[in-house]
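Before any comments, here is the structure.
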Amino acid sequence: MGAIEQKIRDKILEELHRLEHELNHELPKELMKARAHGDLSENAEYKYAKERQSYVTARMGQLQQRLSNVAMMNLDNLPKNKAAYGSRVVVMDVDKSVKSEYKLVTTEEADATKGWISTTSPIGRALMGKTVGDTVSVVTPAGKKELEILKLVTIHEDSK
1 MGAIEQKIRD
11 KILEELHRLE
21 HELNHELPKE
31 LMKARAHGDL
41 SENAEYKYAK
51 ERQSYVTARM
61 GQLQQRLSNV
71 AMMNLDNLPK
81 NKAAYGSRVV
91 VMDVDKSVKS
101 EYKLVTTEEA
111 DATKGWISTT
121 SPIGRALMGK
131 TVGDTVSVVT
141 PAGKKELEIL
151 KLVTIHEDSK
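Printed below as a string of structure tokens:
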């Protein structure tokens with residue numbers, strides 16, 4: 001497993017351990033405290049703790065799935081001439097004439113302050129598989145954007 005895959009794996013494991021602690025230690029205490037208040041049918045603390053327990057359990061399942069997906073990642077199979085995971089993409093907002101640079105990363109690595117966007121975000125999905133000169137339409141919370149790809153550096157070129 002390469003350094004990138006290990007970093008992703010570590011981040012997933014960190015969240016998994018935090019959720020396991022919450023599920024096995026914190027939530028049972030909250031449930032016991034809420035039960036002590038009596039009538040559970042109108043007990044907001046009990047209802048919240050049960051909903052949180054369901055969410056934590058579901059999220060842990062998602063993270064386990066992500067772990068198995070990361071284990072099967074093979075960065076050598078990524079395209080060498082199209083936007084994919086690890087690519088740095090410089091785009092021009094056609095309407096505003098504003099340049100932006102994005103790095104396409106996993107959900108766990110995403111950090112908007114660094115320009116690191118998930119391959120599953122609206123812009124990330126639109127850029128996947130595209131190359132220099134392509135224009136993509138993206139619907140974002142701020143409205144529809146037309147982005148022209150000006151520069152592309154794939155993970156293969158970036159690691160040289």
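Reading the sequence shown from the start, the letters are residues 1 to 160 in our numbering.
Note that the Cβ used here is the ideal one computed from N, Cα and C, for glycine as well.
* From what residue to what residue does the beta strand (DSSP E) around Y102 run? -> V98 to V105
* For the segment 48-109, list the beta strand (DSSP E) runs that are entirely contained and at least 3 residues long, ordered along the chain. => 88-93 and 98-105
* How is L40 classed by DSSP in three states: helix, strand or coil? -> It is coil, neither helix nor strand.
* Pairing CB atoms from the segment 99-107 with CB atoms from the segment 33-52, are three or more of them under 8 Å? -> no
* To do: Flag this pair as yes or no: are the beta carbons of A112 and S118 separated by less than 7 Å?
  => no
* **Inter-residue CB distance, I82 and G115 (contact presumed, cutoff 8 Å)** => Just to set this straight, residue 82 is Lys in the shown sequence, not Ile. Going by Cβ atoms, the distance from K82 to G115 rounds to 19 Å, so no, they are not a contact pair.
* To do: Can you tell me which of P79, G61, D39 and G38 puts its alpha carbon nearest to the alpha carbon of L19?
  => Of P79, G61, D39 and G38, the residue nearest in Cα terms is G61.
* **Cα-Cα separation between T154 and L16, rounded to whole angstroms** => Going by the C-alpha atoms only, they are around 30 Å apart.
* Would you mind working out which of K47, A71 and A58 sits nearest D10, comparing C-alpha positions? => A71
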